[in-house]
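These notes concern the structure reproduced below.
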Ligand SMILES: Cc1cc2nc3c(=O)[nH]c(=O)nc-3n(C[C@H](O)[C@H](O)[C@H](O)COP(=O)(O)OP(=O)(O)OC[C@H]3O[C@@H](n4cnc5c(N)ncnc54)[C@H](O)[C@@H]3O)c2cc1C
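In this note's numbering, the protein residues as written are 131 to 526.
Below, the structure is given as structure tokens:
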């Protein structure tokens, strides 16, 4: 029987396995399961069909350059004398024009709305419990400038029928009593939802295991190839025969692709979070995006997470205290949630960032039995089901 090996057991690898299951093939997910859990566990848990606009903007680039020396800024670019980083940065800049942005927005729209529909079916079919709620995400502003740009974005999204509503200060405070008096207005993106990402992935793995998918805790080191075909994987446990390979190992996928002589335009975009493992006093009813600080607060029945920052500093997972405290400081500006004396777990992980903010879901031109499904950047959780669905179609 044909064996399909998926490298990477994050949310992308697991949803690919889910949509492949039921076919007459052997499916194996290989993941080394590092002690610092990957992005699929540590993300903010938002499912956001509204996030169709890519980051490619000159204003974003200038902002990053302005914040070069600011260690608490939500965006940090550490200059690196590395050709992969430099070529990525140049490509990001070249995609920062209206034509490329709108093209990417249309593609992201299809992936995001497709995933939203698939999530609804998934939760109906599998009865997975992970604090899934489709009650919208709140945006809160503390400055006129932030409020103006949010209102512009909301008007743009109207064209795509992505339902949202701009809210005055009073309307916002009526909707969410945990906001402080320092907010001046905001919006609700009622099309968005949220869940607990660790609970989702743990449950998805159980569902997959019931459907006959195998999981191997191994690290893929290299490949043995013949002409246009991958014959074996070399892992830290030995050699493995393969018929079909899917590279879905997130931010590390360019490192594996390099072993095959293939360049993937992906670099790691480091993010941080702090997680409280119990429901806090005055925590918000729904997620709150703090516009100026670019911090997200996500509430669950079992806890509360503050997450943010985009740091381009290579493959480094060091926990920077200044960045972690910036999350709490942002929260104190926008939320009444009492964080004092509460214990939390700090975390850092990498987003797989492509230069045009579109994931790479395609068959390799060099090896006919290789598919890439990676580079989902800031939206891997939101795009995962549709990615799995597409990979299943590609293998028909
Ligand atoms: C702070 C933060 C907040 C975020 N918030 C959101 C959000 O609210 N909504 C949203 O949609 N997205 C969010 N994201 C983005 C999202 O988390 C990622 O896009 C997504 O998790 C990527 O999933 P993945 O499966 O591709 O990669 P990963 O989650 O990184 O999984 C890759 C897996 O591959 C394994 N692996 C790597 N190399 C090898 C190898 N050689 N051999 C074997 N295994 C290997 C790793 O151990 C890992 O388990 C956020 C990210 C961050 C950092």
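Glycine residues also receive a C-beta, built at the ideal position from the N, C-alpha and C atoms.
Note that the structure is a prediction, hence the values are computed from the model and not measured.
For residue i, is the classification buried or exposed, using 16 other Cβ atoms within 10 angstroms of its Cβ as the cut-off for buried?
i           : result
residue 184 : buried
residue 220 : exposed
residue 504 : buried
residue 439 : buried
residue 523 : exposed
residue 161 : buried
residue 486 : buried
residue 319 : buried
residue 480 : buried
residue 272 : buried
residue 434 : buried
residue 461 : buried
residue 252 : buried
residue 502 : buried
residue 445 : exposed
residue 512 : buried
residue 144 : buried
residue 416 : buried
residue 216 : exposed
residue 317 : buried
residue 452 : exposed
I want to check one thing, is the minimum distance from the CB of residue i to the heavy atoms of ligand 1 below 6 Å?
i           : result
residue 382 : yes
residue 160 : yes
residue 260 : no
residue 518 : no
residue 406 : no
residue 141 : yes
residue 350 : yes
residue 164 : yes
residue 481 : yes
residue 344 : no
residue 403 : yes
residue 235 : no
residue 370 : no
residue 339 : no
residue 244 : no
residue 508 : yes
residue 169 : yes
residue 512 : yes
residue 176 : yes
residue 316 : no
residue 266 : no
residue 138 : yes
residue 433 : no
So, at 6 Å on beta carbons, what are the nonlocal neighbours of residue i in its own chain, with the 5 sequence-adjacent residues on each side left out?
i           : result
residue 354 : 361 and 362
residue 456 : 202
residue 321 : 179, 180, 292 and 293
residue 429 : 413 and 414
residue 483 : 397, 399 and 507
residue 264 : 323
residue 238 : 182
residue 337 : 256
residue 352 : 364 and 389
residue 411 : 468
Can you give the Cα-Cα distance for residue i and residue j, rounded to whole angstroms?
i           : j           : result
residue 499 : residue 356 : 11 Å
residue 369 : residue 214 : 29 Å
residue 443 : residue 372 : 34 Å
residue 467 : residue 358 : 56 Å
residue 285 : residue 156 : 48 Å
residue 232 : residue 223 : 15 Å
residue 510 : residue 379 : 12 Å
residue 348 : residue 133 : 17 Å
residue 431 : residue 270 : 22 Å
residue 267 : residue 306 : 11 Å
residue 526 : residue 515 : 17 Å
residue 345 : residue 167 : 16 Å
residue 207 : residue 341 : 43 Å
residue 469 : residue 409 : 11 Å
residue 190 : residue 154 : 47 Å
residue 534 : residue 471 : Because the chain here runs from 131 to 526, residue 534 falls outside it and cannot be looked at.
residue 196 : residue 204 : 12 Å
residue 463 : residue 139 : 37 Å
residue 385 : residue 226 : 26 Å
residue 493 : residue 328 : 29 Å
For residue i, which residues of its own chain have a beta-carbon under 7 Å away from its beta-carbon, when the five flanking residues on both sides are left out?
i           : result
residue 276 : 421 and 422
residue 454 : 402, 404 and 476
Answer with yes or no whether the minimum CB distance from residue i to chain D is below 7 Å.
i           : result
residue 280 : This model lacks chain D altogether; it includes just one protein chain.
- Item | the stretch 148 to 168 touching the stretch 193 to 208, judged by at least three CB pairs closer than 8 Å | no
- Message: Between the stretch 510 to 519 and the stretch 239 to 249, can you find at least three pairs of beta-carbon atoms closer than 8 Å?
- Response: yes
- Counting Cβ pairs, one atom from each stretch, are 3 or more of them under 8 Å apart for the stretch 333 to 342 and the stretch 247 to 264? yes
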